[in-house]
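S.K.: My questions will all concern the structure given below.
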Amino acid sequence: MSVKSLRILVPVKRVIDYAIKPRVNKTQTGVETTGVKFSINPFCDIAVEEAIRIREGTKGLVENIHVVSAGPTKAQDILRQALAKGADNSTLIETGDKEVEPLSVAKLLQKVIEEDNSNLVILGKQAIDDDSGQTGQILAGLLNWPQATNASKVEFKDDKVFVTREIDGGSETVSASLPMIITTDLRLNEPRYVTLPNIMKAKKKPLKKVKPADLNIDIASRLETIKVEEPAKREAGIKVGTVDELIEKLKASGSL
Ligand code: AMP
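In this text, residue positions in the sequence shown follow our numbering: the first is 5, and each later residue adds one.
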């Protein structure tokens with residue numbers, strides 16, 4: 005039996021743009037977000053691209069690509085971007101400005117997946133703001149689905165999905181049957197750019213808004229951030245003229 009149709013769900017997170025150097029806020033409770041550029045998390049962009057490429061490469065197999073974000077109202081921007089690239093519909097789970105922990109995100113996504121009857125979920129391997137790298141794995145646990153993390157290649161053959169993962173000193177290929185979870189690595193693909201006409205067209209595509217309470221999920225945090233600090237400033241170095249001088253200095257500093 006071969007895969008008959010794919011209903012793909014792609015969770016996408018709005019994060020501080022990867023090119024911006026984050027600064028700790030005045031209260032030292034997190035990073036400064038006012039006046040800072042936000043974008044789609046790069047690994048989520050790769051996940052969207054992969055879903056679209058699967059559609060392009062497997063004629064008629066993909067029935068639907070649904071992009072979902074849990075975040076503030078402004079997360080609509082990244083959903084519209086994904087719609088402009090080729091996703092069919094989108095959902096914003098309105099969680100406000102507060103950071104939502106991976107367990108809560110996974111619980112919210114589980115509800116959407118059950119409602120949608122999705123059989124493939126492609127997430128980023130990590131969100132570059134919290135660097136948790138947990139959501140895909142927790143979701144696989146909640147759903148009791150197989151997972152292939154850090155994918156650098158995804159292929160469909162008969163009734164199986166083959167995922168290549170980069171590991172120390174080589175690569176590893178794993179396979180599983182649908183439904184399954186895949187998380188994306190950096191080298192999986194190079195996301196396309198959105199064009200203005202497609203952004204205009206995407207305005208007609210569905211963007212549904214729901215609240216965590218509509219999904220019966222409590223998103224209260226279980227962790228409290230006590231303090232966020234910048235790394236200690238590096239002291240200026242000195243130049244030494246010879247190896248002997250270097251050894252002398254190291255001895256004097258107690259490093260040797
Ligand atoms: P993390 O576990 O936070 O490092 O995030 C890994 C992946 O989970 C991201 O690349 C997204 O695909 C997904 N994810 C995490 N947080 C959210 C969120 N608030 N909304 C939608 N997807 C999310």
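Glycine residues also receive a C-beta, built at the ideal position from the N, C-alpha and C atoms.
Measuring CB to CB, does I69 end up less than 8 Å from I56?
M.R.: Yes, these two residues count as a Cβ contact at 8 Å.
S.K.: Could you spell out where the alpha helix (DSSP H) holding T139 opens and where it closes?
M.R.: Start and end: 139-147.
S.K.: Tell me the DSSP bridge mates of F42?
M.R.: Bridge partners of F42: I20.
S.K.: Out of L127, E119, K164, D133, state which residue places its alpha-carbon closest to the alpha-carbon of A155.
M.R.: Out of L127, E119, K164, D133, L127 has the C-alpha closest to the C-alpha of A155.
S.K.: Does the beta-carbon of K17, which I'm using as the reference point, lie nearer than 7 Å to any heavy atom of ligand 1?
M.R.: Yes.
S.K.: Does the distance from the CB of V125 to the CB of A152 come in under 8 Å?
M.R.: No, Cβ-Cβ distance for V125 and A152 is not below 8 Å.
S.K.: Helix, strand or coil: how does DSSP classify I12 here?
M.R.: Note: I12 maps to strand in three-state DSSP.
S.K.: Can you tell which of P235, E234, L250, E233 has its C-alpha closest to the C-alpha of G241?
M.R.: Comparing Cα positions, the closest option is L250.
S.K.: Starting from Q151, follow its DSSP beta bridges and name the residues at the other end.
M.R.: Paired residue(s): I185.
S.K.: Is the beta carbon of L96 closer than 8 Å to that of K213?
M.R.: A contact, by the Cβ cut-off of 8 Å.
S.K.: Hey, out of Q85, E159, P183, whose CA is closest to A144's CA?
M.R.: Per the Cα distances, P183.
S.K.: What is the residue span of the alpha helix (DSSP H) that K255 lies within?
M.R.: Segment 247-257, the alpha helix (DSSP H) holding K255.
S.K.: Excluding the 5 residues flanking K157 on each side, which residues of the same chain have their C-beta closer than 6 Å to its C-beta?
M.R.: The answer, listed in chain order, is T168.
S.K.: Go ahead and pull the three-state DSSP assignment for V7.
M.R.: Here V7 sits in coil by DSSP.
S.K.: For R84, which of P26, V198, T31, Q138 has the nearest alpha-carbon?
M.R.: Selected option, being the one with the closest Cα: V198.
S.K.: Can you tell which of R59, Q141, D172, P216 has the C-alpha that lies nearest to the C-alpha of I186?
M.R.: For the residues R59, Q141, D172, P216, the minimum Cα distance to I186 belongs to Q141.
S.K.: State the start and end residues of the unbroken beta strand (DSSP E) segment that holds K212.
M.R.: Counting along the chain, the beta strand (DSSP E) containing K212 begins and ends at 211-214.
S.K.: Whose C-beta lies closer than 6 Å to the C-beta of M5 among residues of the same chain, with five residues either side of it excluded?
M.R.: Confidence at M5 is low in this model, with a pLDDT of 43, below 50, so the placement of that residue is unreliable and no value is reported for it.
S.K.: Given 8 Å as the limit, is there contact between the segment 27-41 and the segment 74-83, that is, 3 or more CB pairs closer than that?
M.R.: No: the two stretches stay apart, fewer than three of their Cβ pairs being nearer than 8 Å.
S.K.: Alpha helix (DSSP H) containing A79: first to last residue?
M.R.: Looking at the DSSP string, A79 is not in any alpha helix (DSSP H), and its letter there is neither H nor E.
S.K.: According to DSSP, is A217 part of a helix, a strand, or is it coil?
M.R.: A217: helix per DSSP, three-state reduction.
S.K.: Distance check for A236 and E67, CA to CA, integer angstroms please.
M.R.: In a straight line, the C-alpha of E67 is about 51 Å away from that of A236.
S.K.: Using 8 Å as the threshold, is the C-beta distance between I117 and L211 below it?
M.R.: No, these two residues do not count as a Cβ contact at 8 Å.
S.K.: So is P216 buried or exposed if we call it buried at 16+ other beta carbons inside 10 Å?
M.R.: By the neighbour-count rule (16 or more Cβ atoms within 10 Å), P216 is buried.
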